[in-house]
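Going by numbering that gives the first Met the number 0, the sequence shown runs without a break in its numbering and finishes at 250.
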Amino acid sequence: MSLLLAALVGLAIGAVLGGLGGGGAVLTVPVLVYLFGQSAQEATTGSLLIVGVTAVIGALGHARAGNVRWRVGAAFGGAGVVAAYAGTLLNRRLDEDLLLLGFALVMVLAAGAMLRQGEPRPRHRSRAAAVAYVALTGLGVGFLTGLFGVGGGFVIVPALVLALRLPMPVAVGTSLVVISIVSAASLASRADDLDLDWAVIAPFTAAAVAGTFAGQRIGERVSGPTLTRAFAVLLLLVAAVVGVHSATSLA
């Protein structure tokens, strides 16, 4: 039963990653904690592996369609590598319920950004301002990835569109490259203490990879704003459950 559940949830999260270029990792951690009984630290580590592998496969699929800017993705992801290590250090020191409460806040912020922006419109920025904006966003994404095990696609995609004026399909594909880099960096920072439940992680990851291909097709047929709003509502519901549970445990 747990094998089937892991596969079904992984398929759904992979579809989100493939269709939106991010967001799926935000659901991975609560799923691993509340459905599979993992600790917050175990779940964030497992999430990094699941989302990192899925992002790599998804990025290759988008690359075949010409929707990846490799240099942009490498620069953006590189900016977040050091911050990912810092986030991992803090992850190891936080109380589990406090970590989950912070995670609920991240979900609310992500949902709010999605509902407010829809499909972001490019803004005119000088080259220097655009580079600085992307670098700072990369640092923030890296820190969030190390701390919470999320890919940060809900931040990366708008940044690529707003600062660099990339078309939405290209921003989605490039976002997956960034997620791959910062997830790998965060996993590397935990290499001395990897504790993964492969009976859950393996089918979860395999299904998530399969889901990315379905997500790409869904993204081609359904408007970006429609997918984004639907996912944002789901995030708010999950955030409410995680927040209430964590706050009650801390009280």
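C-beta atoms are modelled at their ideal positions from N, C-alpha and C, and glycine is treated no differently.
Among the options, the one whose alpha carbon lies nearest that of residue i
{"i": "I12", "options": "L3, L26, E95", "result": "L26"}
{"i": "V176", "options": "F75, E41, Q37", "result": "F75"}
{"i": "L34", "options": "R164, R228, V237, F142", "result": "V237"}
{"i": "L186", "options": "W69, A198, L48", "result": "L48"}
{"i": "A64", "options": "A201, A73, L108, G17", "result": "G17"}
{"i": "V80", "options": "L193, G150, F212", "result": "G150"}
{"i": "V169", "options": "A198, G210, R216, A62", "result": "A62"}
{"i": "A131", "options": "I56, A78, M113", "result": "A78"}
{"i": "G36", "options": "L235, D196, T204", "result": "D196"}
Inter-residue Cα distance where the pair is residue i and residue j
{"i": "V156", "j": "G111", "result": "15 Å"}
{"i": "L3", "j": "L138", "result": "37 Å"}
{"i": "A158", "j": "G51", "result": "20 Å"}
{"i": "L89", "j": "L97", "result": "12 Å"}
{"i": "T227", "j": "S125", "result": "28 Å"}
{"i": "A103", "j": "A14", "result": "22 Å"}
{"i": "D94", "j": "S245", "result": "11 Å"}
{"i": "R92", "j": "Q40", "result": "10 Å"}
{"i": "A127", "j": "R70", "result": "17 Å"}
{"i": "L100", "j": "V32", "result": "13 Å"}
{"i": "A129", "j": "F142", "result": "20 Å"}
{"i": "G72", "j": "V140", "result": "13 Å"}
{"i": "N66", "j": "A209", "result": "19 Å"}
{"i": "A239", "j": "A229", "result": "16 Å"}
{"i": "P202", "j": "P224", "result": "30 Å"}
{"i": "A231", "j": "L193", "result": "31 Å"}
{"i": "L308", "j": "A58", "result": "Missing from the structure shown is residue 308; the chain here goes from 0 to 250 and no further."}
{"i": "V181", "j": "V160", "result": "19 Å"}
{"i": "V55", "j": "T204", "result": "12 Å"}
{"i": "A134", "j": "L114", "result": "24 Å"}
{"i": "L235", "j": "A5", "result": "22 Å"}
{"i": "T53", "j": "S174", "result": "12 Å"}
{"i": "I200", "j": "A109", "result": "25 Å"}
Same chain, Cβ closer than 7 Å to residue i, five either side skipped, listed in chain order
{"i": "S188", "result": "A83, Y84, T87, G145"}
{"i": "V154", "result": "T136, G139, V140"}
{"i": "A183", "result": "G51"}
{"i": "S38", "result": "E95"}
Status (buried if at least 16 other CB within 10 Å, exposed otherwise) for residue i
{"i": "P166", "result": "exposed"}
{"i": "G172", "result": "buried"}
{"i": "G152", "result": "buried"}
{"i": "T247", "result": "exposed"}
{"i": "S179", "result": "buried"}
{"i": "R68", "result": "buried"}
{"i": "A198", "result": "exposed"}
{"i": "L249", "result": "exposed"}
{"i": "A190", "result": "exposed"}
Beta-carbon contacts of residue i that lie in its chain and below 6 Å, excluding the five residues immediately before and after
{"i": "G148", "result": "V28, T43, S46, L47"}
{"i": "G242", "result": "A103"}
{"i": "V30", "result": "V8"}
{"i": "V107", "result": "A238"}
Range of the contiguous alpha helix (DSSP H) that encloses residue i
{"i": "P168", "result": "167-188"}
{"i": "Q40", "result": "39-63"}
{"i": "G137", "result": "126-147"}
{"i": "G36", "result": "It is not in any alpha helix (DSSP H) - G36 carries neither H nor E in the DSSP assignment."}
{"i": "A162", "result": "152-163"}
{"i": "N90", "result": "69-92"}
Own chain partners of residue i with C-beta closer than 8 Å, once the 5 adjacent residues on each side are dropped
{"i": "L233", "result": "L26"}
{"i": "L10", "result": "A206, A207, A209, G210, A213"}
{"i": "V105", "result": "V25, L143, F147, V149"}
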